[in-house]
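Here's the structure we're looking at; comments come further down.
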Amino acid sequence: VYIFFFIFLKVIRELSGLILTRGPKLCNFVEWRGYKVVYK
576 VYIFFFIFLK VIRELSGLIL TRGPKLCNFV EWRGYKVVYK
């Protein structure tokens with residue numbers, strides 16, 4: 576159970592760093608590890 580939580584935290588950390596460095600005028604779609612992530 577704890578392993579999945581740490582994997583979840585790692586994913587959130589990676590994605591938040593990727594999203595926060597994007598400009599405000601860019602769209603809300605990000606390609607990450609072969610997935611298309613939609614954020615708001």
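Per the numbering used here, residue 576 is the first one in the sequence shown, and the count goes up by one each step. Quick reminder that beta carbons are idealized off the backbone N, C-alpha and C, glycines included. Predicted, not measured: the structure shown is a model, and the values here were computed from it.
The Cβ-Cβ distance between Trp-607 and Leu-590 falls below 8 Å. Nearest to Arg-597 by C-alpha distance, out of Ile-578, Gly-609, Lys-615 and Phe-581, is Lys-615. Residue range 577-595 is occupied by the alpha helix (DSSP H) that includes Lys-585. Under the DSSP definition of a beta bridge, Lys-611 partners with Glu-606.
Restricting attention to Phe-580, Val-605, Phe-581 and Lys-600, the CA atom closest to the CA of Gly-592 is found in Val-605.
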